[in-house]
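Undergrad:
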Amino acid sequence: MLKMQIFCALLVVFREHLGNTLLVLLLMFTLIGMSKRKRPETSSLAQSLVDAERVILKLIKSRENVGLWKGDIKSETRLPENVVTKALTSLQSKRLIKGVLSFQFKNRKHFIAAEFEPSKEVTGGSWYVDGNLDKHFISSLKELCFKIIQKHRVITGEGVHDFIKRVKATTVECTSQQISEILKSMVLDNQIIEVKSTGLAEYHSIPLGKVCYRCAPVGAVAQDTGAGAMASIPCGVCPRIRQCTPDGKISPSSCIYFKKWLDFDF
Amino acid sequence: MPAFPPSQNFIPPVGLLFPSSLNRSKPESTTITAVMVSQHGIKLAVHLISSYFGDVVSKVCECLLRRGTLTLAQIVRFTELRKQNVVNSLLVLGQHNCVQAFAIQQEGGFGEAPKIITQYIVLFDNIIHHMRFPKFVTIVSEELSKECEEIFEGLLQHGRLSVNQLVDRHKQTSNQSGGLYTTLDALQDSFNRLVNARYVERCPAHEPFLAPPGDDETPAKKRGAKSAKVFDVSSQMAEALETIEQRALAAASPMASMRFFIDADTWTDVPGKNSGENPTSATVGEKRKQDSLELNGDAWATNKKKEVLWRVNFEEFVRRLRHKPPKHLFLIRYQRNKHSLGPDTGTQPSRNVRTRLDNGAGIVLSAILEATRSEETKVKMENSDLKNIIGMAQNQEVESIVLKKYGREAYRMFRLLSKAGRLVETDQISNTTFVEKKDAVKILYQLWNDDYLQMEDLLTSWTPRNMRVEIFWLEGLRNVVTHGARQSQFLLWKVNKSTLWVQVLDDMFHAALNLKLRIAYEQEQEKEIMQIPREKLVGDLEKRYKRFRKRRIVLESSLMKLDDALMLFHDF
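Written as structure tokens, this is what we have:
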């Protein structure tokens with residue numbers, strides 16, 4: 001600002017002594033000089049940022065749908081943190097990259113090139129939302145599948161999927177693969193059992209040998225917790241069983257779990 | 001815990017079921033006998049003998065359980081008891097079918113003639129059967145008559161008896177109880193029914209002689225001398241010792257045709273029976289040993305009066321219990337579903353393949369029982385189904401423990417690994433079971449720490465440029481420094497049923513011992529109450545009595561239920 005004031009004052013003096021033409025020429029050269037003097041300071045910073053963005057973008061693109069998080073970018077590029085941060089912000093604002101929360105490391109954001117869909121390794125797959133397992137959705141789907149199987153007595157995985165699609169039982173579209181995963185999980189929970197069709201009787205509508213599902217019999221483990229012999233007694237599930245000895249500090253006669261169990265009003 | 005590359009089979013050292021390097025707290029067997037017994041199995045057996053026969057006998061029994069087959073001199077040395085005490089203890093244990101003696105020829109030293117020595121094998125299974133006598137009595141009472149039950153109880157009480165001894169006992173019992181004296185014919189009939197049902201058999205020979213292997217021309221007596229479960233030990237030394245004990249048991253057993261044979265003269269020399277003939281005595285052994293053990297019958301045991309001795313046939317009861325669907329094992333539900341095929345079985349639609357069992361299955365299973373009763377008849381298909389059913393029941397018992405102890409997510413993961421039967425990576429487990437990865441890792445570590453799972457560590461090292469992958473197998477969880485590049489660690493998990501099942505069995509023995517000790521403790525606490533007549537138990541005393549009674553019922557019924565599970569893992 002001060003320079004501008006001095007410059008204007010000089011202009012007034014020169015106009016009085018030099019004339020307008022010379023004054024215009026002087027003005028032009030002055031302006032050219034100022035811009036030349038200015039350019040070296042701003043251009044190098046801009047250049048370095050652009051270089052950093054280019055490097056980072058290239059690195060991110062090389063990782064395709066897996067991407068990298070900030071820590072990895074820093075170590076790979078060996079750029080200072082502030083440069084990396086600025087570059088990432090700039091790239092995101094230009095919509096060249098996007099940030100996706102990792103399901104494995106909750107406080108990490110993976111940066112993926114915009115043209116790629118984040119892989120399951122990063123997002124966790126269709127069951128994850130913002131890096132967290134969508135437990136509510138999963139349990140709702142399980143309940144729905146169980147009701148469908150109960151209603152049909154025996155049904156294939158595709159049958160369950162078709163039924164859900166037909167009646168539009170869910171607000172979000174579920175793929176056949178997703179339904180299959182849900183059913184497998186329910187088998188592991190012993191809510192349903194997996195059988196193969198014989199094509200006879202209640203299986204008549206299902207091709208021979210095709211895998212199908214039916215509800216587990218009443219009294220299966222998942223429905224009646226602790227019904228096994230060992231699970232029914234304190235020792236069977238005791239966390240201190242290995243330290244328990246007849247005459248030791250932890251023993252059948254002094255065991256507090258035994259006492260609570262026997263004091264229970266059967 | 002060291003992790004082994006999949007291609008390597010771990011071979012446990014001789015004498016140890018679980019080497020300490022494989023697992024920190026696995027039970028170790030300290031003896032090589034025909035039956036490898038875990039630590040708590042030994043403790044339970046010792047406790048049973050102690051409560052039945054006293055501490056001296058239990059000390060001898062423990063010595064045999066921990067050290068294997070021994071001579072009298074060795075037992076005396078190890079127990080530091082007086083010789084006569086050891087001899088008496090062995091007599092008691094032999095009488096009650098907990099020990100089997102046999103004689104072998106031992107090479108003498110330089111210039112010495114070979115000598116005959118007697119060794120003693122402990123019969124672990126028969127000791128444990130003492131815990132389930134009430135079950136056996138129930139079976140006899142349900143299937144046969146009251147008189148049969150009474151005879152049977154006598155055999156359980158005394159271990160082995162001749163028919164004369166049975167009659168004498170019956171007379172004494174009748175006099176004491178003031179009951180009606182059953183006629184001899186009725187008694188004979190009851191006894192015959194027990195033998196025909198295979199619940200009672202001739203006792204094996206007291207002390208058969210085992211000829212040296214080269215001289216042994218007689219084939220082993222066909223019985224299939226049962227040595228209960230023999231764990232897989234690949235050591236040649238263990239196999240050789242096993243063979244001696246199996247040979248001894250086979251040599252002691254009566255021939256299959258004689259085992260349940262009641263000859264016409266069995267009852268003729270019983271006082272009160274009409275007979276002018278001399279009783280046909282069983283074959284009497286020619287040697288009389290210097291210790292005071294009873295005379296040796298070549299084919300079966302006889303007492304000093306040359307009378308045939310009879311005992312309970314535990315094998316038959318084990319078979320009965322194996323085929324009887326236990327009520328509490330709700331998973332043993334047998335659906336005669338002709339129209340479904342289980343995932344693990346064949347695909348022939350005409351075959352009745354069971355996916356689950358229920359109580360109605362008794363019909364089919366008893367058919368299996370009848371079909372397999374005769375040793376000559378092998379019904380392979382039904383045996384294979386039974387094996388599958390038992391396997392399923394075992395799986396479900398262990399799964400219920402995991403569910404109760406570690407929760408539903410652990411249950412799901414355990415079932416996944418159990419079904420897979422191979423190593424599975426953490427991410428795959430977490431994805432298939434819908435458990436967050438960090439939670440999955442925690443639970444898996446917990447299961448591994450408690451020996452439910454095996455873990456292996458797969459490390460991959462790669463460089464960004466050439467994506468060269470190097471795989472390192474690690475032992476345990478030691479960090480391995482790799483050169484340069486990034487490294488990713490993959491943890492692989494597996495359920496090893498063969499080792500886990502043995503661990504579960506040991507835990508069951510431990511739990512059974514704890515229940516018995518707790519029962520003894522409760523009885524001790526309330527012994528004063530028990531001495532007061534029932535009619536005088538009023539007020540607080542009555543409350544205490546009722547509470548004690550309730551606790552005892554809970555403990556004893558839990559023990560019987562646990563015993564069912566124990567048989568599932570040990571006897572079936």
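First to last, the protein sequences are chains A and B. What the first sequence shows, in UniProt numbering, is residues 1 to 266, in sequence order. What the second sequence shows, in UniProt numbering, is residues 1 to 572, in sequence order. For every residue, glycine included, the Cβ atom is placed at its ideal position computed from N, Cα and C.
(1) Could you check how far apart the C-beta atoms of B:Gln454 and B:Lys494 are, in whole angstroms? I think they sit under 8 Å.
(2) Within a Cβ cutoff of 7 Å, which residues of the same chain sit near A:Lys61, ignoring the five residues on either side of it in sequence?
(3) If we define contact as Cβ-Cβ less than 7 Å, is B:Ile151 a contact residue for chain A?
(4) Using DSSP's beta-bridge definition, name the partner residues of B:Val122.
(5) Given that A:Ile233 touches chain B, what residues does it touch there, using C-beta distances under 8 Å?
(6) If distances are taken between C-alpha atoms only, which option among A:Cys238, A:Val83, A:Ser205, A:Val66 comes closest to A:Arg54?
(7) Got a sec? Which residues, its chain only, sit under 8 Å from B:Leu513 by beta carbon, not counting five neighbours each side?
(8) Helix, strand or coil: how does DSSP classify B:Met455 here?
(9) Counting only C-beta atoms, is A:Met186 closer than 7 Å to chain B at any point?
(10) Cβ of B:Phe102 within 7 Å of Cβ of B:Pro208?
(11) I think B:Arg491 touches B:Thr426, with their Cβ atoms under 8 Å apart; what is that distance to the nearest whole Å?
(12) According to the neighbour-count rule (16 or more other Cβ atoms, all chains shown, within 10 Å of its Cβ), is B:Phe110 buried or exposed?
(13) So A:Phe111 is in the beta strand (DSSP E); what residue range does that whole segment cover?
(14) Give the range of the alpha helix (DSSP H) segment to which A:Leu88 is assigned.
(15) Within 7 Å of any Cβ in chain B, is that where the Cβ of A:Ser176 sits?
(16) Using C-beta distances below 7 Å, list every residue in its chain close to B:Val504, excluding the 5 sequence neighbours before and after it, in chain order.
(17) With respect to the alpha helix (DSSP H) encompassing B:Arg259, which residues constitute its N-terminal and C-terminal limits?
(18) Which residues in the same chain as B:Ile116 place their Cβ atom closer than 7 Å to its Cβ, once the five residues preceding and following it in sequence are excluded?
(19) How would you label B:Phe260, buried or exposed, when you count the other beta carbons within 10 angstroms and need 16 or more for buried?
(20) Buried or exposed: where does A:Ala201 fall if 16 or more other Cβ atoms within 10 Å of its Cβ makes it buried?
(21) May I ask you to list the residues that DSSP assigns as paired with B:Trp310?
(22) Since I believe A:Cys255 is in contact with A:Pro234 (beta carbons under 8 Å), could you give me their beta-carbon distance rounded to a whole number of angstroms?
(23) Since B:Asn431 sits in a beta bridge, which residues does DSSP pair it with?
(24) Are A:Gly131 and A:Leu101 touching if we call contact CB-CB under 7 Å?
(25) Does the beta-carbon distance from A:Trp69 to A:Arg108 come in below 7 Å?
(26) So, are the CB atoms of B:Leu459 and B:Ala511 less than 7 Å apart?
(27) Go ahead and pull the three-state DSSP assignment for B:Phe572.
(28) Using a Cβ-Cβ cut-off of 7 Å, state whether B:Gly360 counts as contacting chain A.
(29) Name the one or two DSSP bridge partners that B:Lys115 has.
(30) Buried or exposed for B:Glu201, going by 16 or more other Cβ atoms inside 10 Å?
(31) Between which two residues does the beta strand (DSSP E) holding A:Ile97 run?
(32) With DSSP as the reference, please indicate the residues paired to A:Gly128 in a beta bridge.
(33) Taking the alpha helix (DSSP H) that B:Arg77 falls in, what are its first and last residues?
(34) Excluding five sequence neighbours on each side, which residues of the same chain lie with their C-beta closer than 7 Å to the C-beta of B:Arg544?
(35) Quick one: what's got a C-beta closer than 8 Å to A:Glu117's C-beta in the same chain, skipping five residues either side?
(36) At what residue ranges does the region 142-193 of chain A contain a whole run of the alpha helix (DSSP H), taking only runs of 4 or more?
TA: The relevant details are as follows:
(1) One-based indexing of the second sequence puts residue 454 of chain B at position 454. One-based indexing of the second sequence puts residue 494 of chain B at position 494. Between B:Lys494 and B:Gln454 the Cβ distance is about 5 Å, and since that is below 8 Å, they are a contact.
(2) One-based indexing of the first sequence puts residue 61 of chain A at position 61. These residues qualify, in order along the chain: Ala113.
(3) Here residue 151 of chain B refers to the residue found at position 151 when the second sequence is read from its first residue. No, because no Cβ of chain A sits closer than 7 Å to the Cβ of B:Ile151.
(4) Position 122 of the second sequence, counted from the start, is the residue given in the question as residue 122 of chain B. In the DSSP output, where bridge partners are listed per residue, B:Val122 has B:Val99.
(5) As a working mapping, residue 233 of chain A is identified with position 233 in the first sequence. The answer, in chain order, is Ala511, Leu515, Ser558, Leu562.
(6) Position 54 of the first sequence holds residue 54 of chain A. Comparing Cα-Cα distances from A:Arg54 to each of A:Cys238, A:Val83, A:Ser205, A:Val66, the minimum goes to A:Val83.
(7) Residue 513 of chain B sits at position 513 when you count from the first residue of the second sequence. Counting only Cβ-Cβ distances below 8 Å, and skipping sequence neighbours, we find His40, Lys43, Leu44, His47.
(8) Within the second sequence, residue 455 of chain B is the residue found at index 455, counting from 1. Three-state DSSP puts B:Met455 in a strand.
(9) Sequence index remark: in the first sequence, residue 186 of chain A carries index 186 (1-based). Not a single CB atom of chain B sits nearer than 7 Å to the CB of A:Met186.
(10) Within the second sequence, numbered from 1, the residue matching residue 102 of chain B stands at position 102. Within the second sequence, numbered from 1, the residue matching residue 208 of chain B stands at position 208. Cβ distance < 7 Å, so B:Phe102 and B:Pro208 count as in contact.
(11) Here residue 491 of chain B refers to the residue found at position 491 of the second sequence. Here residue 426 of chain B refers to the residue found at position 426 of the second sequence. According to the sequence as given, residue 491 of chain B is Leu; it is not Arg. Confirmed, Cβ separation roughly 5 Å.
(12) Residue mapping note: residue 110 of chain B aligns to position 110 of the second sequence, counting from 1. So B:Phe110 ends up on the exposed side.
(13) Here residue 111 of chain A corresponds to residue number 111 of the first sequence, with the count starting at 1. Boundaries of the beta strand (DSSP E) harbouring A:Phe111: 109-113, taken from the DSSP string.
(14) Within the first sequence, residue 88 of chain A is the residue found at index 88, counting from 1. 81-93 is the span of the alpha helix (DSSP H), which, as asked, contains A:Leu88.
(15) If you number the first sequence from 1, residue 176 of chain A lands on position 176. Output row for A:Ser176: interface = no.
(16) By one-based count along the second sequence, residue 504 of chain B stands at place 504. Shown here for B:Val504: same chain residues with a beta carbon closer than 7 Å to its own, the five before and five after excluded, namely Val398, Phe569 in chain order.
(17) Counting from 1 along the second sequence, the entry for residue 259 of chain B is found at position 259. Per DSSP, B:Arg259 belongs to the alpha helix (DSSP H) from 256-259.
(18) What you label residue 116 of chain B is simply residue 116 of the second sequence in a count that begins at 1. Here the set comprises Ala103, Gln105.
(19) What you label residue 260 of chain B is simply residue 260 of the second sequence in a count that begins at 1. With 16 or more other Cβ atoms within 10 Å, it is buried.
(20) What you label residue 201 of chain A is simply residue 201 of the first sequence in a count that begins at 1. It counts as exposed.
(21) Residue numbering aside, residue 310 of chain B sits at position 310 when the second sequence is read from its first letter. Answer is B:Leu161, B:Arg202, bridged to B:Trp310.
(22) Along the first sequence, one-based indexing puts residue 234 of chain A at 234. Along the first sequence, one-based indexing puts residue 255 of chain A at 255. Indeed, because the Cβ distance is near 7 Å, the residues count as touching under 8 Å.
(23) Mapped onto the second sequence, residue 431 of chain B falls at position 431. Paired residues: none, contrary to the question.
(24) The residue labelled residue 131 of chain A in the question sits at position 131 within the first sequence. The residue labelled residue 101 of chain A in the question sits at position 101 within the first sequence. Taking 7 Å as the Cβ cut-off, A:Gly131 and A:Leu101 qualify as a contacting pair.
(25) For this step, residue 69 of chain A is matched to residue 69 along the first sequence. For this step, residue 108 of chain A is matched to residue 108 along the first sequence. Their beta carbons are under 7 Å apart, which means A:Trp69 touches A:Arg108 by this criterion.
(26) For this step, residue 459 of chain B is matched to residue 459 along the second sequence. For this step, residue 511 of chain B is matched to residue 511 along the second sequence. Cβ distance not < 7 Å, so B:Leu459 and B:Ala511 don't count as in contact.
(27) Counted from its first residue, the second sequence places residue 572 of chain B at position 572. Coil.
(28) Residue mapping note: residue 360 of chain B aligns to position 360 of the second sequence, counting from 1. Confidence at B:Gly360 is low in this model, with a pLDDT of 38, below 50, so its placement is unreliable and the value that follows should be read with caution. No, B:Gly360 does not count as interfacial toward chain A.
(29) Position 115 of the second sequence, counted from the start, is the residue given in the question as residue 115 of chain B. B:Lys115 pairs with B:Gln106.
(30) Looking up residue 201 of chain B in the second sequence gives position 201. With 16 or more Cβ atoms within 10 Å of its Cβ, B:Glu201 is classed as buried.
(31) Residue mapping note: residue 97 of chain A aligns to position 97 of the first sequence, counting from 1. Per DSSP, A:Ile97 belongs to the beta strand (DSSP E) from 97-101.
(32) As a first step, residue 128 of chain A must be located in the first sequence, where it is residue number 128. A quick correction: the sequence has Tyr, not Gly, at residue 128 of chain A. DSSP lists A:Leu133 as partners of A:Tyr128.
(33) Taking the first residue of the second sequence as position 1, residue 77 of chain B is located at position 77. Start and end: 72-79.
(34) Reading the second sequence from its first residue, position 544 is the one you call residue 544 of chain B. Same-chain partners within the cutoff: Glu526, Ile529.
(35) For this step, residue 117 of chain A is matched to residue 117 along the first sequence. Cβ neighbours of A:Glu117 beyond the five flanking positions: Asn65.
(36) Within the region 142-193 of chain A, the complete alpha helix (DSSP H) runs of at least 4 residues are 157-167, 176-188.
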